[in-house]
Amino acid sequence: MYDSHNSPVIGIDLGTTFSAVARWTGEDADVYSPKGERTMQSVVFYDEKTDKFIFGRTAFMSGMLKPENLCIGVKRLMDNKDAKVTLGGKEYSPIDISSMILKSLYSNVKGMFPEGVYDASGAVVTVPYYFKAHQCENTAEAAKKAGLNLVGILQEPIAAAFAYGLHHSSKDTVRNENILVFDLGGGTFDITLFKIVEDRENIKFEVLAIGGDDRLGGLDFDNSFMKYILDKEGIDLDECDNERMKKIGLQKLMDSVTKSKEALSSTDSVFMGVPDVIPGVHIDNEYTREDFEESISNYLEEIKAILKSTLNAANIDPKDIDKVLKVGGSSKIPAMDMIIEEVVGRGKTYSDIDPSLCVAQGAAIYGAYLTNNLAIDKKITIETTTAHALGVEDSNGSMVVLIHQNQKTPARKTLTFTTDEDNSTEIDVEVYQGASRIAKQNAHIGTVKIKGLVPKPKYELQIKITFEVGKEQMVKVTVEQEESNIKHTEMLKLA
Ligand SMILES: Nc1ncnc2c1ncn2[C@@H]1O[C@H](COP(=O)(O)OP(=O)(O)OP(=O)(O)O)[C@@H](O)[C@H]1O
Ligand SMILES: [Mg+2]
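Anchor point for the sequence shown: position 383 equals 383 in my numbering, and the numbering is continuous, going up by one each time.
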């Protein structure tokens with residue numbers, strides 16, 4: 001029996017800047033609001049006085065006085081589990097920090113109940129579509145370390161599509177829709193194009209194309225807007241030679257800049273008052289939406305270009321897109337609507353979904369599905385595409401791509417190569433993953449060593465290399481050479 005109150009399946013959106021937790025109620029995905037807030041800032045502060053860690057907005061505020069004890073944006077470090085975050089003189093890994101954040105999110109929810117009552121039966125944690133296998137594993141490790149019963153990891157855009165697609169689905173719902181998920185958060189910009197095909201027995205989510213930039217988001221807008229304001233005010237932070245005061249001033253200013261930016265999504269102008277940005281220098285001025293848009297104009301161009309090129313690469317006519325789902329806090333910026341209207345068309349944005357909460361909701365829905373608690377008789381399938389290109393290094397050091405980015409999985413491709421030295425009896429097939437034309441600039445995921453080739457003059461032996469990728473995060477590499485009677489297969493783990 002599913003106990004949706006005391007031991008529900010929960011979904012956690014572990015965001016770069018904000019996180020949220022939702023539960024499956026049995027009918028709906030409901031976002032928790034411990035302490036009256038439905039999202040929590042993904043920040044950690046080490047409080048020396050109590051020798052304890054604190055989280056969320058309080059942590060952020062405390063960090064203003066002691067920035068050296070504050071960690072912001074740890075998600076951007078999840079690709080390197082050996083990275084070091086120093087808090088209060090001690091070193092922590094990104095997995096440690098993420099697990100602390102997850103633990104805090106969970107204990108805030110638990111704190112809404114009398115002691116000993118609440119115990120989530122399972123949890124799904126979300127990651128960006130761009131996350132590679134090891135980044136997903138690091139996230140899973142953080143969840144386990146936080147004591148969560150992890151039942152799945154889900155990509156954020158898929159979560160958003162679930163929140164949209166499964167929310168109002170009934171037995172009789174039949175549809176065939178192209179959905180564009182426009183996810184602009186604190187740290188990443190993700191575009192995902194889905195086809196949702198639903199009949200009385202099935203719901204299929206098919207990823208048609210993806211695009212984006214994993215280093216573009218609200219944090220960058222904050223930085224640009226702050227520089228713009230400092231410039232307008234003629235303030236040079238470097239004039240302050242007290243490092244500590246400078247850091248404090250910077251953080252105070254940043255807090256005010258972020259708030260103003262957010263306010264400018266719903267009003268035309270804001271008043272900014274920040275005393276002692278550096279001792280004795282104050283900001284006391286009005287800033288408009290135009291000011292903000294001007295300060296991020298290069299990012300706006302970039303976003304437009306990425307959106308266009310993603311649609312182009314997928315060969316999708318914007319006319320064929322039925323709905324646009326805006327996801328992520330930064331998608332609330334009015335300039336984004338202009339971009340969407342210009343590139344995709346008018347009147348397509350679906351607004352019955354909260355950009356800041358739908359990822360956590362979709363994760364809760366997925367958790368319910370995985371644990372057989374989703375009261376839906378339809379079979380759900382997800383068809384994804386490859387997020388990164390896969391290829392081999394040729395003798396010039398170039399990347400020869402076998403599986404392209406955005407290819408539907410399962411995918412399979414064979415290319416024929418040859419030896420470039422006389423009488424070679426061995427070759428090393430170097431396998432890489434990534435977008436660079438120079439193989440070594442991509443992630444090296446393995447070497448397939450082939451021995452026992454029959455000696456022949458160069459360019460004579462034909463060597464067939466086949467790559468196959470399925471749903472799991474692996475590539476199956478097969479190397480065949482007929483005359484030498486070689487057929488060698490290896491499974492390599494994606495980066
Ligand atoms: N009304 C608003 N207008 C403009 N920006 C906003 C608004 N509300 C929130 N933001 C910005 O959205 C960002 C946070 O978005 P969100 O919570 O979706 O990101 P995240 O999930 O932490 O990041 P990511 O998905 O990249 O990991 C912050 O930079 C915040 O300032
Ligand atoms: Mg997010």
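Positions of the beta carbon are idealized from the N, C-alpha and C atoms, including for glycine.
Review point. How is the beta strand (DSSP E) around PRO275 delimited, first residue to last?
Key: 269 to 278
Practice item. Return the chain-ordered ranges of every beta strand (DSSP E) run that is complete within the segment 38 to 121 and spans a minimum of 3 residues. Key: List check, beta strand (DSSP E) in window: 43 to 47, 52 to 55, 70 to 72, 85 to 87 and 90 to 92.
Exercise for review: Pick out the complete alpha helix (DSSP H) segments inside the segment 197 to 282, 4 residues or longer, and give them in chain order.
Suggested key: Listed in chain order, they are 218 to 233 and 243 to 263.
Point to revise | Neighbourhood of THR381 by C-beta distance below 6 Å, restricted to the same chain and skipping five residues each side | key: Hits under 6 Å: LYS204.
Point to revise | LEU150 vs ALA140 beta-carbon contact at 8 Å | key: yes
Check your understanding: Should PHE113 go down as buried or exposed, given a rule of 16 or more other Cβ atoms within 10 Å for buried?
Key -> Exposed is the label assigned to PHE113, since fewer than 16 other Cβ atoms lie within 10 Å of its Cβ.
Review point. Can you check whether the CB of LEU166 is closer than 8 Å to the CB of ASN178?
Key: no
**Study point:** Whole-angstrom distance between ASP422 and THR16, CA atom to CA atom
**Key:** 53 Å
Review point. Can you list every residue whose CB sits closer than 6 Å to some heavy atom of ligand 2, going in chain order?
Key: ASP13, GLY15, GLU156, GLY185, GLY328 and VAL359
Review point. From PHE60 to TYR32, what distance separates their C-alpha atoms?
Key: 21 Å
Review point. What residues in its chain sit with their C-beta under 8 Å from that of GLY26, if we drop five residues either side in the sequence?
Key: TYR2, SER4, ASN373 and ALA375
Point to revise | Own chain partners of ALA314 with C-beta closer than 8 Å, once the 5 adjacent residues on each side are dropped | key: LEU193, LEU208, ALA209 and ASN406
Check your understanding: Beta carbon of ILE278, beta carbon of GLU239: below 8 Å?
Key -> yes
Exercise for review: State the Cα-Cα distance for the pair ILE12 and ASP354, rounded to the nearest angstrom.
Suggested key: 15 Å
Review point. Quick one, which of ASP183, TYR106 and TYR46 has its alpha-carbon nearest ALA146's?
Key: Distance from the Cα of ALA146 is smallest, within the candidate group ASP183, TYR106 and TYR46, for TYR106.
Practice item. Have a look at THR466, THR447 and THR384 and flag the residue whose alpha-carbon is nearest the alpha-carbon of PHE417. Key: THR466
Review point. Cβ of GLU290 versus every heavy atom of ligand 1: is any distance shorter than 7 Å?
Key: It does not: the Cβ of GLU290 is nowhere closer than 7 Å to a heavy atom of ligand 1.
Review point. Is it true that the CB of GLN473 sits closer than 8 Å to the CB of ALA133?
Key: yes
Review point. Which residues does DSSP pair with MET491 in a beta bridge?
Key: LYS476
Exercise for review: Could you name the residues of the same chain whose beta carbon sits closer than 7 Å to that of ALA160, not counting the 5 residues immediately before and after it, in chain order?
Suggested key: Cβ neighbours of ALA160 beyond the five flanking positions: VAL181, ASP183, LEU325, VAL327, CYS358, VAL359 and GLY362.
Review point. Quick one: what's LYS458 bridged to in DSSP?
Key: Answer is none; LYS458 lacks a bridge partner.
Point to revise | SER356 beta carbon near ligand 1 (any heavy atom closer than 7 Å) | key: Yes, the Cβ of SER356 comes within 7 Å of a heavy atom of ligand 1.
Check your understanding: Where LEU300 and SER266 are concerned, what is the direct C-alpha to C-alpha distance, given to the nearest angstrom?
Key -> 18 Å
Review point. What number of angstroms, rounded off, separates the C-alpha of LYS440 from the C-alpha of THR478?
Key: 21 Å
Exercise for review: Tell me, please, whether the segment 108 to 126 touches the segment 196 to 203 by the rule of three or more beta-carbon pairs shorter than 8 Å.
Suggested key: no
Exercise for review: Within its chain, find whatever has a CB closer than 6 Å to the CB of ASP394; leave out the 5 residues flanking it on each side and keep chain order.
Suggested key: VAL400
Exercise for review: Grab me the residues of ASP428's own chain with a C-beta within less than 8 Å of its C-beta, minus the 5 sequence neighbours each way, in chain order.
Suggested key: THR447, VAL448, LYS449 and ILE450
Review point. Relative to ligand 1, is the shortest distance from any of its heavy atoms to the C-beta of SER33 smaller than 7 Å?
Key: no
Check your understanding: Touching or not, the segment 43 to 54 and the segment 211 to 227, by the rule of three or more beta carbon pairs under 8 Å?
Key -> no
Check your understanding: By Cβ distance below 8 Å, which residues in the same chain neighbour ASP172 in space, the five residues on each side in sequence not counted?
Key -> Sequence-distant Cβ neighbours of ASP172 in its own chain, meaning closer than 8 Å and more than five residues away, are ARG200.
Exercise for review: Flag LEU253 as yes when its Cβ comes closer than 7 Å to any non-hydrogen atom of ligand 1, and as no otherwise.
Suggested key: no
Practice item. Within the segment 117 to 198, note down every full beta strand (DSSP E) run reaching 3 residues or more, in order along the chain. Key: Complete beta strand (DSSP E) runs here, min 3: 122 to 127, 150 to 155, 175 to 184 and 189 to 198.
Exercise for review: Assess, as a yes-or-no matter, whether the segment 63 to 72 is touched by the segment 36 to 51 under the definition of 3 or more beta carbon pairs within less than 8 Å.
Suggested key: yes
Review point. Alpha carbon to alpha carbon, what distance is there between LYS252 and THR386?
Key: 42 Å
Review point. ILE321 to THR58, Cα distance in whole Å?
Key: 42 Å
Point to revise | Selection from GLU115, LEU87 and MET336 that minimises the alpha carbon distance to LEU264 | key: The shortest Cα separation from LEU264 among GLU115, LEU87 and MET336 belongs to MET336.
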